[in-house]
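Student:
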Amino acid sequence: MKLLAVLSALSAVAAASDFCPTIFADLTRRQLEHFDSDVPFTIGMGAKHVPVLTLSEDGKTATIVVGNGDEEGGVWHPMKPSGDPDKVHWVTHILVKDQDGNVIVVDPIDPNGFPDNKDYVAGGIPPQIQFDVPSGVTEMTPYEFCNLHGLWVGETVAVPSTTDVLAETRATDATCGPKQWTSGSWESVHADLLRQQAAHYNPNGDAVFTEVDGKKHTPYITLDGAKGRVFVGVEGGSPIHPMIASKDGNVHWVTEIYIVDQDGTIVAMESLDPTDVSEATMEFDLSADMTSGGTTLKAYSYCNIHGLWEGPVVEVPAVEAPAVEDEVSPAEVGLNSASTSSGDLIGAVLSAAAAVAML
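Those letters in the sequence shown? Residues -16 to -1, 1 to 343, per mature numbering (1 follows the signal peptide of the UniProt record, and there is no 0), in order.
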């Protein structure tokens, strides 16, 4: 039984780690197809896009910033959140590989910044991340992906191997898995997917694809009470969209599913992990506002190979609020109780008086 438990744990770790090399493989594919380079760009192409990794004094924590704005005449990479496909520009991901080429960090970046991080400048400049160095890592190489200018690599940094540092556990073993876009970044993510759609998948127009173009990629919403579900393709039938994770670049999956209401507001978004799954699905909750009447929803799905797809509009049924019973104040309850008690007392007295009169 112990062996089975160990094997299950190892399997879970392996499954969790497949997402990150899959993301890296897809960014490498995009680098070749969209930026005409089979390798990441380097500082020779400009310092503004180069990720710079530094370690804390004890070697346990790493920080990555993009650009050289701390140098005289240097510049940080810009972070321009926008719902306009022609204006959105930011570092979408910061990634790290270890000495063996394992992808140990993949962080999606919010172009608005991270207000909870006291060291982070409002507005997201410079784009940066901070993380614990996993135990066993001796070297780390930083990468970043810019939505407009592709994949870039920085200098490899050696992790200190002194006895006092190795004597302590830096962090648990890396189990790099999916991280979700923050809600503040949803509008920019949607704008960038529209930009990619027009640039790479539908050059004759910026319109997204629909079920008229094929059901395999179309996201369909079903509702059940206060719950919603999106399925890409024909659920329970054919075709359905494949979910293929891989480290060698042969990757094909629905990277994101998200929901938009009648006002064009994104109400939910999820990045999907293609590891060990065969269907692209997403579940979401319906808020009270959505079920109050007049709400319609439609889903979008993004395939890393075939672009952005829009599903049919679904009307959310209005749910009547439960009737509220007339409330009775404690004072009224007390008064009624007192009145009842007084009436009972008076009745008893009169009955007794009548009985005496009959004697």
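Beta carbons: idealized from backbone N, C-alpha and C, even for Gly.
1) By the three-class DSSP mapping on this structure, what secondary structure does M63 have?
2) Can you tell me which of A210, V59, I224 and Y127 puts its alpha carbon nearest to the alpha carbon of H77?
3) Exposed or buried, which one is S145 when buried takes at least 16 other CB atoms within 10 Å?
4) Quick check on this structure: which residue in S40, P110 and D20 has the alpha carbon closest to the alpha carbon of D54?
5) Name the residue from V173, I113, F193 and D197 whose alpha carbon lies nearest to the alpha carbon of A252.
6) Can E304 and I250 be called in contact, C-beta distance under 8 Å?
7) Residue ranges of each beta strand (DSSP E) run of no fewer than 3 residues wholly in the region 196 to 232, ordered along the chain?
8) Which residue comes first and which comes last in the alpha helix (DSSP H) that contains V173?
9) Go ahead and pull the three-state DSSP assignment for L16.
10) Check whether the region 268 to 281 and the region 177 to 184 touch, using three or more Cβ-Cβ pairs below 8 Å as the test.
11) Leaving out the 5 sequence neighbours to the left and right, which residues in its chain are closer than 8 Å to V59 when beta-carbon positions are compared?
12) My guess is that T280 and V298 are in contact by the Cβ rule of under 8 Å, so how many angstroms apart are they, rounded?
13) Which residue marks the beginning of the beta strand (DSSP E) containing residue 418, and which one marks its end?
14) Mind reading off the beta-carbon distance from E195 to T202? Whole number of angstroms is fine, and I expect it under 8 Å.
15) Might you give, ordered along the chain, the residues of its own chain that have their beta carbon closer than 6 Å to the beta carbon of C287, omitting 5 neighbours on each side?
16) By the three-class DSSP mapping on this structure, what secondary structure does A322 have?
17) Going straight from the alpha carbon of L150 to that of I7, what length do you get?
18) Within its chain, find whatever has a CB closer than 8 Å to the CB of I228; leave out the 5 residues flanking it on each side and keep chain order.
19) Would you list the residues sitting across from L79 in a DSSP beta bridge?
20) Where do the ends of the beta strand (DSSP E) carrying M253 lie?
21) With a CB to CB cut of under 8 Å and the five nearest residues on each side skipped, what residues in its chain are close to D68?
22) Smallest Cα separation from I113: which of S230, V90 and E41?
23) From G248, Y204, A191 and F268, pick the residue whose C-alpha is nearest to that of G212; which is it?
24) In the DSSP assignment, find the beta strand (DSSP E) that holds Q112 and state where it starts and stops.
Tutor: A quick look at the data gives this:
1) coil
2) Selected option, being the one with the closest Cα: Y127.
3) exposed
4) P110
5) V173
6) no
7) Whole beta strand (DSSP E) segments, 3+ residues: 203 to 208 and 211 to 216.
8) Start and end: W170 to Q180.
9) In this structure, L16 counts as helix in the three-state DSSP scheme.
10) no
11) Taking V59 as the centre and dropping the five residues before and after it, the same chain places the C-beta of A31, K32, G51, N52 and G53 closer than 8 Å to its C-beta, in chain order.
12) 7 Å
13) With the chain represented from -16 up to 343, any question about residue 418 goes unanswered, as that position is not in the structure.
14) 4 Å
15) H201 and V238
16) At A322 the pLDDT is 48, less than 50, meaning the model places this residue with poor confidence; the figure from the coordinates comes in the next sentence. In the structure shown, A322 sits in a helix (DSSP, three-state: H, G or I).
17) For L150, the predicted structure reports a pLDDT of 49, less than 50, and the residue's modelled location is therefore unreliable. The matter cannot be settled from this model.
18) N234, V235, H236, W237 and P258
19) V90 and Y127
20) I250 to S255
21) Same-chain partners within the cutoff: A175.
22) V90
23) F268
24) Segment Q112 to D116, the beta strand (DSSP E) holding Q112.
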